[in-house]
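First comes the structure, then the notes that go with it.
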Amino acid sequence: MIENIFLSAVGLLFITFIWSLWHRNILARSLSTVRAMESLLQKDYWIRRDTIPYLLESYKAEKEPNDIWRKLVEARARFQQDENEIDELLRKFLQESQNVKNINFREAVKDITGLNIHIDEEKTEIRRSIESYNVLRKRFPYSLASAIFSFPEIS
Numbered sequence: 633m634i635e636n637i638f639l640s641a642v643g644l645l646f647i648t649f650i651w652s653l654w655h656r657n658i659l660a661r662s663l664s665t666v667r668a669m670e671s672l673l674q675k676d677y678w679i680r681r682d683t684i685p686y687l688l689e690s691y692k693a694e695k696e697p698n699d700i701w702r703k704l705v706e707a708r709a710r711f712q713q714d715e716n717e718i719d720e721l722l723r724k725f726l727q728e729s730q731n732v733k734n735i736n737f738r739e740a741v742k743d744i745t746g747l748n749i750h751i752d753e754e755k756t757e758i759r760r761s762i763e764s765y766n767v768l769r770k771r772f773p774y775s776l777a778s779a780i781f782s783f784p785e786i787s
């Protein structure tokens, strides 16, 4: 009788252990998806950052650089500091320079506009993935696994 209770307890512990590992793997997959999406967004930021000099030089070929042009050059030189600042400056610059007729400038504007749209879509997807991960992490069976295996909340 005691042997049966002991074996049942060991079996229950084993099943609980496997169950918690299964939930850990689901959380890990969700977290790695978020990290992969963040990595893709970072690559797009680098591509955009590499396209900005082409845009600025083609603008400079036709018009005299203005304050926003100079701020954009400085923000790009600082690189990783603040992508939001580059976003804002780039959008202002593109709005103010709509009358530039240089074909190279127009092509660069088209490329950067496409990248900006793609970046905005990726940001939205990342926000959804982060929200989904955080909700999953707080739900009952996953909350135990996230507490046991120290899965962080992502903001």
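Residue numbers (this note's numbering): 633 to 787.
Idealized CB from N, CA, C, for every residue including glycine.
Of the residues PRO697, ILE758, GLU720, the one placed nearest SER671, counting alpha carbons only: ILE758
Buried or exposed by the 16-neighbour rule on C-beta atoms within 10 Å, applied to VAL642: exposed
The region 671-689 contacting the region 738-754, beta-carbon criterion three pairs below 8 Å: yes
Inter-residue spacing [alpha-carbon to alpha-carbon] between SER761 and THR665: 8 Å
The region 648-655 contacting the region 765-781, beta-carbon criterion three pairs below 8 Å: yes
Limits of the unbroken alpha helix (DSSP H) element including GLU717: 715-728
ILE758 in three-state terms, based on DSSP: helix
Whether ALA707 touches ILE700 by CB criterion (8 Å): no
PRO685, enclosing alpha helix (DSSP H) - first and last residue: 634-694
Rounded Cβ spacing between ARG680 and ILE744 (contact assumed at less than 8 Å): 6 Å
Rounded C-alpha distance that separates GLU785 from TYR765: 8 Å
Cβ-Cβ separation, ARG769 to PHE783 (assumed contact under 8 Å), whole Å: 6 Å
ILE751 classed as buried or exposed, judged by whether at least 16 other C-beta atoms fall within 10 angstroms: buried
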